[in-house]
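Just so we're aligned, residue 706 is where the sequence shown starts under this note's numbering, counting upward by one.
Report on the structure given below.
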Amino acid sequence: MSTSLRIEIPVLAHRDLTSQQFLDGCRRITSSILAGTEQIPPREGLIRELAKDGATTSEEFAARLMLDRKGEFTREKLQAHGKRIGFLQALPRELKTLLRNPDPAIPDSKRTAAKELLVIIDKHKIAAKRRSQAEVSTVVQALLTEAAEPATQQLISRAGVGRFFELLKQAQAEYAAITKREQEATVQGSLSEPASGEVDTETGGHAQSAAAPAKPVPKPRLARELKEVLSSQLNLLFDLMAHLARKGRAPYAHLLAESCETVAELTLVAKTRETREKKAEEKRKKGQTPASGSVRGTADGVKPVNGDSALAG
């Protein structure tokens, strides 16, 4: 009985962790159970099977998170792309408006600079609706590179359109930053996309012919659902391992102790993040507190966003 008192069952609560932290914990725990230094005895296949189920669900959860991230990145990229297209189209319009302006107070040097800038812009003219985002990036970057030359800078200054070039530069930088974050997330998530004509592992052949009836494609499970499934699988796994550990069966006490260490590390990280978020929210509220007698602002009613909610499906 003394042995049973020393058995601690890990509690990996996904509600206290971000999606990525929870996924990291599940991967580390299932990996330590399946491929750790202490091997599960061959006769106890149920434990191994449960750990494999958890590992499989973890990878499905990782793929789901990647899909959600890709959706977010797609929306952000479209917004940034729309901005740079807008500035790219507004720039020649502004110059042409300047040339058409009959105001005699506009100096000839300004009109001349506008004409020369239009020539430069025409070299990088783009049919925005017919070009891919990557092609637009190449064209915009080429225009910005030429705009950075001293002679072109003088033309921009004389024409008074420096603000338009600056906005275009900012939009291009925003788009590039989102693209970089998307690439980094793809590498971290290791999400592989199926190749066309991929071999069907069940039939040993290629994809079904057009004449064969199409199999219904199962709808991907939401992140929220997968987290609940993972929690249930790990809890069942821990309970069975604890039961065997109380009977003195190796190596379950050791595996449970390793899992507890992983959970403790993640819990510490989660508490640190939560403390930072609370302090940041308190600072925001202090900075947005209205003066006495003034109308109460809406900032007090804004709740901090849970970093997990956007991916919860």
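Backbone N, C-alpha and C define an ideal beta-carbon position, used for all residues, glycine too.
Bear in mind the structure is a predicted one, so any value in this text is a computation, not a measurement.
Cut-off 7 Å between Cβ atoms - residues of its own chain near Val934, not counting five sequence neighbours on either side: Thr762.
In the structure shown, what three-state DSSP assignment does Leu887 receive? For the sequence presented, residue 887 should be read as Glu rather than Leu. Helix.
Rounded to whole angstroms, how far is the Cβ of Lys788 from the Cβ of Ala853, which I believe are closer than 8 Å? The Cβ separation is near 20 Å, so there is no contact.
Would you identify the three-state DSSP class for Leu827, choosing helix, strand or coil? Reading off the sequence shown, one finds Asp at residue 827, where the question assumed Leu. Helix at Asp827.
Whose CA, out of Ile745, Leu717, Ile861, Ala810, lies closest to the CA of Pro797? With distances taken between Cα atoms, Pro797 lies closest to Ile861.
What number of angstroms, rounded off, separates the C-alpha of Lys757 from the C-alpha of Glu986? Answer to the nearest angstrom: the Cα atoms are 41 Å apart.
N-terminal and C-terminal residue of the alpha helix (DSSP H) that Ile738 is part of: Residues 724-740.
Cα separation between Gln784 and Arg753? If I take the Cα positions, the gap works out to 47 Å.
What three-state label does DSSP hand His719 in the structure shown? Helix at His719.
For Asp813 and Phe869, what's the separation of their Cα atoms in angstroms? Straight-line Cα distance between these residues: approximately 21 Å.
Return yes when the Cβ of Ile745 is within less than 7 Å of the Cβ of Ala947, no when it is not. Ala947 places its beta carbon 7 Å or farther from that of Ile745.
If we ignore side chains and look at the alpha-carbon of each, how far apart do Val968 and Leu793 end up? Looking at the two C-alpha atoms, the distance is approximately 51 Å.
Given 8 Å, three or more beta-carbon pairs between the region 809-827 and the region 765-774: Counting C-beta pairs closer than 8 Å gives fewer than three between the region 809-827 and the region 765-774, which falls short of the contact rule.
How should Pro807 be labelled, buried or exposed, when 16 other C-beta atoms within 10 angstroms of its C-beta is the threshold for buried? Around the beta-carbon of Pro807, fewer than 16 other beta-carbon atoms lie within 10 Å, marking it exposed.
Mapping the DSSP letters down to three states, classify Val866 as helix, strand or coil. DSSP, read as helix, strand or coil, puts Val866 in coil.
Distance check for Thr980 and Arg989, CA to CA, integer angstroms please. In a straight line, the C-alpha of Arg989 is about 14 Å away from that of Thr980.
Relative to the alpha-carbon of Leu873, which residue among Gln859, Ala856, Ala864, Val844 has its alpha-carbon at the smallest distance? The shortest Cα separation from Leu873 among Gln859, Ala856, Ala864, Val844 belongs to Val844.
To the nearest angstrom, report how far apart Arg816 and Arg780 are at their CA atoms. When rounded, the distance between both Cα atoms is 39 Å.
Considering just the uninterrupted stretch of the alpha helix (DSSP H) at Leu849, what are its terminal residues? 838-852 is the span of the alpha helix (DSSP H), which, as asked, contains Leu849.
For Asp721, collect the residues of the same chain with a Cβ closer than 6 Å to its Cβ; drop the 5 residues on either side in sequence, then sort them by chain order. Answer for Asp721: Ala975, listed in chain order.
Please name the residue, chosen from Pro855, Phe766, Ala718, Arg863, that lies closest to Leu927 on a Cα-to-Cα basis. Taking Leu927 as reference, the option from Pro855, Phe766, Ala718, Arg863 with the minimal CA-CA separation is Phe766.
Using 10 angstroms around the beta-carbon of Thr977, count the other beta-carbons present and answer buried if the total reaches 16, otherwise exposed. Taking all protein chains in view, the Cβ of Thr977 is surrounded by fewer than 16 other Cβ atoms within 10 Å, so the residue is classified as exposed.
Determine the contact status of Leu971 and Gln726, defining contact as a CB-CB distance below 7 Å. Going by C-beta atoms, Leu971 is nearer than 7 Å to Gln726.
Can you give the beta carbon distance from Glu743 to Leu960, rounded, assuming they're within the 8 Å contact cut? Confirmed, about 6 Å.
Within 10 angstroms of the Cβ of Ser897, are there 16 or more other Cβ atoms? Answer buried if so, exposed if not. Here Ser897 scores only 42 on pLDDT, less than 50, and its place in the model should not be relied on; the value that follows carries that caveat. Around the C-beta of Ser897, fewer than 16 other C-beta atoms lie within 10 Å, and the residue is accordingly described as exposed.
Starting from the C-beta of Ile883, find all residues in its chain whose C-beta is less than 7 Å away, skip the five residues before and the five after it, and write them out in chain order. These residues qualify, in order along the chain: Phe778, Glu781, Lys782, Ala785.
Hey, Ser736 and Glu963: beta-carbon distance below 7 Å or not? No.
Quick one: is Ala950 buried, meaning 16 or more other Cβ sit within 10 Å of its Cβ, or exposed? By the neighbour-count rule (16 or more Cβ atoms within 10 Å), Ala950 is buried.
If we ignore side chains and look at the alpha-carbon of each, how far apart do Thr802 and Ala795 end up? For Thr802 and Ala795, the distance between alpha carbons rounds to 10 Å.
Within a Cβ cutoff of 6 Å, which residues of the same chain sit near Ser842, ignoring the five residues on either side of it in sequence? Correct list: empty, nothing qualifies.
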